[in-house]
Every structure is written in structure tokens, then in C-alpha cells.
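Let me begin by presenting the structure, written as C-alpha cells, before commenting on it.
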Amino acid sequence: MNKRIIIGGLFLAVVAIFFVYGAFEMHDFGNPESTDMDQYIIDNTQSETGADNGVTAVVFDYRGFDTLGEATVLFTAVAGVIVLFRRLKK
Amino acid sequence: MSAGMSKIVKTMSGVTFPFMVIFGLYVIIHGHLTPGGGFQGGAIVASACSMVLIAYGSVWTMKKVKEKHLSIFESLGALMFISLAFFGILLADGIFFDNFILSQTGFLFSGIGTGSGNINTAGVIPLMNIAVGLKVIAGLFAIVLVMAYATHKIKGGSKE
Amino acid sequence: MMDILGPHIPVPYIAVVGLIIIGLYAVMFKRNLIKMIIGITLIESGVNLFLITLSFREGSVAPIYTAETTPGTLMSLPVPQALTLTSIVIGVAVLALMLTLVIHIFRHYGTLDVRKIREDDN
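Protein chains in written order, with the working numbering: chain A, 1 to 90; chain B, 1001 to 1160; chain C, 2001 to 2122.
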């Protein structure tokens, strides 16, 4: 019982040290590198898609295929919940 | 959660329900002009319906709204989304997911936005917002309704 | 505002690390099934915060064209915000399925303690 707690605590401490070292070695907060694709999207949103909202244009027009996958995941979850509760209704 | 709450809670939730639904539909429709869109507005309307479910009890709500009707709504939303994507192949030279309404003049949503808040812009994006909004409303409310109705038959610690 | 705390301490990344470590502790060391599910939700929130932190530019506004923006205003990046939206919806779907299975486990075994369920199965 005590051995389990000690090994678990040691594992959590090692993971925390690795994460904190990684957090200090990342880029500065506020200066992202390599913003060419996003700058092109910001400059050409109004003329190519006609929308004023940049995030909606990215979700539905420039990257619409990811939204199709997400709609499939939502549909599968709802179908699974309804099927699993069918026997309790009778 | 099977029986409802007191009279004051039932009356006040019935009074505030239309305002929440209208605000949620406003966020869905204006998704291409202000922050928001299909997913965010759908979560707002599903919260309004869940408030009515908690105030009136799950037995009363299950008699009014069966989950067969909710699953028809959700399938309608998914079919509309997929058919809008497939029209791009037929009408615009074989590109999947193309914005085919923008290149034709005189249609309903075929303008180009200039930052002044005109709804008549942005091609196929408002129609996709409506389709995803229908899907999210029906899906989230169906999950909450089915779970609330099924747990009122379980007594604690029973083995079957 | 963050200069008060030190020369180069990145505050949002330390918050992400804190959320993930607390969530991992709840999954490993607690016995109730509902507390383990809350731990998984905490890890999910930490990852979403990390994704949206990557899209910030110093002195920028939201990427929405209004009547006051001129072509040349500094705007924050819109692509990581779209990925975070997808991740939140997938988190909701997984949470719904997990809670359904916990309801069925409680109905079958009568208890929510993980050690008692494992002994009962042996």
C-alpha cells in the first residue's frame, strides 16, 4: 500500500519536471514564428469568401473537411447513447 | 429529477424560455458577421431546453417530446450539410466543398462583405451554420433527455 | 502585467502544466469513478488552453472585420482557434459516452468503488 503511493508520487514528480522544463524552453508568449499561412488568410478573407468573421471562414470554408469529421463524431456519440439506453425504457 | 419543482420555478422558467431561444437563434444566423456560429448558438438553445426539462420533470417532458422526433431533426441537419458539400461537385467544376453561391449574382447570400454588417453576404456559410446548429440542438437535448428519463427507474444498490 | 512576476516566466504554459498534473493525480490516486471522470475532464481543459495560447500576438485584436479596422491592423491567428473548437466538441462527445457506461456499471454492481468492483469480478 505504501509502496504504491511512493512509486506513483515519484512518477508524477518526474513528469512534472519534464513539463516545466519544456514550458521554459518554448517560444516567447506573444511572438509566434512562421505566420505566413495565417497572414494570407487574414488578408484575403473578405474577397475570397465574403465573410467578415475570420474564424467562421476558416472553420467552414478553408478547412471544411475537419468540420465534416467533427459532425460525424457528434452523430456517433448521440447514436451510441440512445442505443445503450433502449432496454431501460421497458 | 422525475417530479417537477415548485410553482414559482415552473412559471419563471416558462417566462424566460422564449428569450433564450431567440438569443440562441440570433447567434446562429449572424455567424458570419459577429463572433459565434453554429456550434456556439446550438449549445445556447440546448441549455434553454434543458432548463425547461429540469423545472418540469423528466416524465412530463418525455410525454411531450419523444426522442424519435429529435433524431429526425438531427438527421435532417446532417443531410443538409453533406448535400451542400456535394453540390460543389455538380455546379463548380468538380471541387468538393466549394463556395458555389458566391460566383453567381442575384441569389440570396451572394454578396461580398465590407465590414458594415450586411447579412446578404458570404455564400454557402450561413446555410452550413443553420445545418450544424440544428444538429447540435437536437443531439445535445436528446442526450440530456434520455439520461434523465432512464435514471428515474434505478433504485440504489439493486442487482438484476 | 506579467513583468511583475519575473523577467521571463511564461505564465500560461505554467497554468497548462498545473492543470494536467492535477488531472493526472485525480485519475491515478482516487477510488470513486466519478472523480476519475472529473480528472479526465481537467486534462482535456488543459490541452484546450494550450492550443489557444499558441494563437496570440502582442497588441492584436480579434480576427473580425468591423467598421473600425483598416487593412493593416494586427490580428491574432485564426487557425488554432478553429482547431480548439473541434477539440471542445469531441471532449463533450467522449464525456457523454463515459457517463453512460458509469450508469450501467452502477446498475449492475451496486457500487462505484473501483477496488470493490475488481474484487467482485475475481
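Backbone N, C-alpha and C define an ideal beta-carbon position, used for all residues, glycine too.
query: Of the choices CYS1049/B, GLY1057/B, LEU1053/B, HIS1032/B, whose alpha-carbon is the least far from that of ASP52/A?; result: HIS1032/B
query: Applying the 10 Å Cβ sphere with the 16-neighbour rule, what's the burial state of TYR40/A?; result: exposed
query: Please classify THR1061/B as buried or exposed, where buried requires at least 16 other C-beta atoms within 10 Å of its C-beta.; result: buried
query: With ALA2082/C as the anchor, note down where its alpha helix (DSSP H) starts and where it stops.; result: 2079 to 2109
query: Kindly indicate which three-state DSSP category ILE1089/B falls into: helix, strand or coil?; result: helix
query: Does any residue of chain C have a CB that is nearer than 8 Å to the CB of VAL14/A?; result: no
query: So if I threshold CB-CB distances at 9 Å, which residues from the stretch 2021 to 2055 of chain C count as touching chain A?; result: ILE2021, LEU2024, TYR2025, MET2028, PHE2029, THR2053, LEU2054, SER2055
query: Sorted by chain position, which residues of the same chain lie with C-beta nearer than 6 Å to VAL2114/C's C-beta, five sequence neighbours on each side aside?; result: ARG2031
query: So, is VAL14/A buried or exposed, given that buried needs 16 or more other C-beta atoms within 10 angstroms?; result: exposed
query: With a threshold of 8 Å between beta-carbons, can PRO1018/B be considered close to chain C, or not?; result: no
query: Measuring only the C-alpha atoms, how far is THR76/A from ILE1044/B?; result: 21 Å
query: Taking only the alpha-carbon atoms, compute the straight-line gap between MET2075/C and ARG4/A and give it to the nearest angstrom.; result: 50 Å
query: Per DSSP, what kind of secondary structure is VAL2061/C in: helix, strand or coil?; result: strand
query: In chain order, what residues of the same chain lie with their CB nearer than 8 Å to the CB of VAL1052/B, ignoring the 5 residues before and after it?; result: SER1013, GLY1014, PHE1017, THR1061
query: Determine the DSSP secondary structure at ASN31/A, reduced to helix, strand or coil.; result: coil
query: Can you pull the chain C neighbours of ILE1143/B, defined as C-beta to C-beta under 7 Å?; result: ALA2096
query: According to DSSP, simplified to helix, strand and coil, what is MET2075/C?; result: strand
query: Could you tell me whether the Cβ of SER1158/B comes closer than 8 Å to any Cβ of chain A?; result: Confidence is the limiting factor: at SER1158/B the pLDDT is only 40, short of 50, which leaves the residue's position unreliable, though a coordinate-based value still follows. For SER1158/B, the answer is no, since every Cβ of chain A falls outside 8 Å of its Cβ.
query: Taking the Cβ atom as the reference point for each residue, do GLY1041/B and ALA1138/B lie within a distance shorter than 8 Å?; result: no
query: Quick check on the DSSP output: what are the complete alpha helix (DSSP H) runs of length 4 or more inside the stretch 1094 to 1160 of chain B, in order along the chain?; result: 1125 to 1150
query: Within 8 Å (strictly less), CB to CB, does ALA79/A reach chain C?; result: no
query: So with Cβ pairs under 8 Å, would you call TYR2013/C a contact of chain B?; result: no
query: Please classify MET2001/C as buried or exposed, where buried requires at least 16 other C-beta atoms within 10 Å of its C-beta.; result: With a pLDDT of 47 at MET2001/C, under the threshold of 50, the predicted position of this residue should be treated as unreliable, though the coordinate-derived value follows. Exposed: under 16 other Cβ atoms inside 10 Å.
query: With C-beta atoms as the reference, is VAL78/A less than 8 Å away from GLU1074/B?; result: yes
query: Can you tell me the Cα-Cα spacing of ILE1029/B and VAL1132/B, whole angstroms?; result: 11 Å
query: Using three-state DSSP, classify ASP52/A as helix, strand or coil.; result: coil
query: On the DSSP bridge assignment, give the partners of ASP2113/C in chain order.; result: ASN2032/C
query: If you measure from the beta carbon of PHE1168/B to each beta carbon in chain C, is any gap under 8 Å?; result: Because residue 1168/B is not part of the residues shown, which for chain B are 1001 to 1160, the question remains open.
query: Check each candidate in LYS1063/B, VAL1021/B, VAL1065/B and name the one with the smallest Cα separation from SER1047/B.; result: VAL1021/B
query: Does the beta carbon of ALA2093/C sit closer than 8 Å to a beta carbon anywhere in chain A?; result: yes
query: Taking Cβ positions only, does ASP38/A come closer than 8 Å to chain B?; result: no
query: Counting only beta-carbon separations shorter than 8 Å, does MET26/A have a partner in chain C?; result: yes
query: Please check the pair THR67/A and ALA57/A, which I expect to be a contact at CB under 8 Å, by giving their CB distance rounded to whole angstroms.; result: With a Cβ gap of about 12 Å, THR67/A and ALA57/A do not count as contacting.
query: Kindly indicate if chain B contains any beta-carbon less than 8 Å away from that of PHE85/A.; result: yes
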